[in-house]
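Residue numbers (the numbering used here): 458 to 525. Positions of the beta carbon are idealized from the N, C-alpha and C atoms, including for glycine. The model shown is predicted, which means the values in this text are computed figures rather than measured ones.
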């Protein structure tokens, strides 16, 4: 299972909001909704998030095997 909890922590640490993602990075509101719901997003979106937040992929997502 992929978790985006690290994304929200990284955003908070950098003073970013979902508005920042949408305006500065061109992330659509539907993609923000998908992130909030823990649904899948494209690798292009992950790349854009890393660029916007100036961070690595591990600062955005975490993989946890199902059932753990």
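Give a yes or no on whether the C-beta atoms belonging to residue i and residue j are separated by under 8 angstroms.
i           : j           : result
residue 503 : residue 471 : no
residue 541 : residue 518 : Because residue 541 is not part of the residues shown, which for the chain are 458 to 525, the question remains open.
residue 500 : residue 460 : no
Return the first residue and the last residue of the alpha helix (DSSP H) that residue i is part of.
i           : result
residue 515 : No alpha helix (DSSP H) holds residue 515; DSSP gives it neither H nor E.
residue 480 : 475 to 482
From the DSSP secondary-structure annotation, give me the bridge partner or partners of residue i.
i           : result
residue 460 : 519
Would you check whether the ligand SAH has a heavy atom nearer than 7 angstroms to the C-beta of residue i?
i           : result
residue 515 : Absence of the ligand SAH from the depicted structure is noted, as is the absence of any ligand whatsoever, leaving it without description.
So, helix, strand or coil for residue i, using DSSP?
i           : result
residue 496 : coil
residue 486 : helix
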